[in-house]
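With positions in the sequence shown counted from 1, the corresponding number in our numbering is that position plus 3.
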Amino acid sequence: MERFTDMLRVVIQPLGWITAPLALLTPLWFLIAALGTKLSFWGWEFGLSWMTLDIGPKLILACAIAGSLMTVLVVAHRLMTQRWFGVISVPILALLVAIGGYGGRYVFDGLADSRPMLLDVTTDFQDPPHFTPAYAARRGGAQRSLDFDPSGLQLQAEYYPGITSLTVEREAGAVFREALMYGREAGWRIGTASDAAGMFEAGAESLMFGFRDDIAVRVTALEDGRSQVDIRSLARQPVHDLGRNAKRVERFLAAMGGEGEAG
């Protein structure tokens with residue numbers, strides 16, 4: 004029995020040296036992947052595709068295996084000797100990291116499966132709000148064109164039937180100023196804005212990875228004194244936005260219709 008417990012100690016100690024840094028560095032790996040992409044230290048292909056979706060699952064699996072194995076060995080030593088050997092919090096931390104990682108992937112996959120990959124959302128299919136050449140020139144390394152892509156019309160109509168032009172009982176000038184104020188309160192980076200033309204352009208950035216989107220808002224005066232509000236929001240990168248642009252449009256329309264707040 005004593006020989007077996009000695010063998011357990013020989014295995015537990017170096018396993019702890021491996022498990023502890025693995026449990027601590029795995030969350031840091033994901034944080035660095037997201038922040039490095041957001042701060043433009045590298046592209047999303049490296050930060051998301053390689054660091055997060057390729058290497059990330061391997062690190063989580065390693066945490067699960069190391070944490071489980073060390074837990075079994077530490078508990079076995081406790082049962083055989085009535086004494087703890089090794090730091091029991093180390094395998095517990097590794098297992099918590101693994102559970103969090105698998106839980107996050109489950110949520111991500113669920114969102115991706117439940118929402119279409121719709122990267123160009125607009126309220127007006129026939130005449131979507133357009134962007135000025137000056138704004139297009141400032142976009143830098145965007146991988147998707149500002150030209151409207153009609154391929155997503157059927158998906159948008161199916162999943163987001165409420166995204167249509169909004170008619171409000173207010174004059175166009177006041178509505179435009181309200182829309183511009185909403186954009187600023189929502190944290191959009193306002194570019195070109197013309198009260199006379201009733202339009203403005205803006206950019207937005209996601210919290211994680213800093214994926215950037217382009218937004219165009221148009222307010223049109225109607226003959227009866229009312230106003231029509233249209234918006235277009237599209238992703239710059241060809242990456243599933245998990246409904247980010249559609250949600251932005253829905254929140255904007257709700258706020259302009261008096262049903263919501265900036266967000």
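Glycine included, each C-beta is placed from N, C-alpha and C at the ideal position.
Backbone CA spacing between E161 and L121 [nearest angstrom]: One-based indexing of the sequence shown puts residue 161 at position 158. One-based indexing of the sequence shown puts residue 121 at position 118. Whole-angstrom Cα-Cα distance: 11 angstroms.
Minimum C-alpha distance to V93 - residue among A23, G155, A189 and A101: In the sequence shown, residue 93 corresponds to position 90, counting from 1. Between V93 and the set A23, G155, A189 and A101, the nearest pair of CA atoms involves A23.
Pairwise C-alpha distance: M211 and F179: Here residue 179 is taken as the residue at index 176 of the sequence shown, counted from 1. Here residue 211 is taken as the residue at index 208 of the sequence shown, counted from 1. Taking the straight line from one Cα to the other gives about 30 angstroms.
Own chain partners of I58 with C-beta closer than 6 angstroms, once the 5 adjacent residues on each side are dropped: Mapped onto the sequence shown, residue 58 falls at position 55. A distance below 6 angstroms between beta-carbons, with the five flanking residues on each side excluded, links I58 to no residue of its chain.
Cβ neighbours of R86 in the same chain (closer than 8 angstroms, five flanking residues each side left out): Taking the first residue of the sequence shown as 1, we reach residue 86 at position 83. Once the five neighbours on either side are set aside, the close Cβ partners of R86 are H80.
Contacting residues, own chain, Cβ-Cβ under 6 angstroms from L18 (five flanking each side not counted): Translated into positions along the sequence shown, residue 18 becomes position 15. So the qualifying residues of the chain are M73.
Per DSSP, the bridge partner or partners of D233: The residue given as residue 233 occupies position 230 in the sequence shown. Paired residue(s): R221.
Of the residues V232, G213 and A175, the one placed nearest L42, counting alpha carbons only: Locating residue 42 in the sequence shown gives position 39, counting from the first residue. Closest option to L42, Cα to Cα, is G213.
Boundaries (first-last residue) of the alpha helix (DSSP H) holding V100: Stepping through the sequence shown from its first residue, residue 100 is reached at position 97. That run of the alpha helix (DSSP H) goes S92 to S117.
F179, enclosing beta strand (DSSP E) - first and last residue: Counting from one through the sequence shown, the residue named residue 179 turns up at place 176. No beta strand (DSSP E) holds F179; the alpha helix (DSSP H) holding it covers A175 to E188.
Expected contact under 8 angstroms - CB spacing of A207 and D216 to nearest Å: One-based indexing of the sequence shown puts residue 207 at position 204. One-based indexing of the sequence shown puts residue 216 at position 213. Yes, A207 and D216 are in contact; Cβ-Cβ is about 5 angstroms, under 8 angstroms.
9 angstroms Cβ cutoff met for F255 and V220: By 1-based counting over the sequence shown, the position of residue 255 is 252. By 1-based counting over the sequence shown, the position of residue 220 is 217. Judged by beta-carbon spacing, V220 lies within the 9 angstroms limit of F255, meaning their Cβ atoms are closer than that value.
Inter-residue Cα distance where the pair is R235 and H243: The residue you call residue 235 lines up with position 232 of the sequence shown. The residue you call residue 243 lines up with position 240 of the sequence shown. Looking at the two C-alpha atoms, the distance is approximately 17 angstroms.
Beta-carbon gap between P131 and D233 smaller than 9 angstroms: Against the sequence shown, residue 131 aligns to sequence position 128. Against the sequence shown, residue 233 aligns to sequence position 230. Contact: yes.
C-beta contact flag for A37 and G46 at 9 angstroms: Within the sequence shown, the letter at position 34 stands for residue 37. Within the sequence shown, the letter at position 43 stands for residue 46. Not in contact: A37 and G46 (Cβ atoms no closer than 9 angstroms).
Bridge-paired residues (DSSP) for G213: Locating residue 213 in the sequence shown gives position 210, where the first residue counts as 1. Its beta-bridge partners do not exist; DSSP assigns none.
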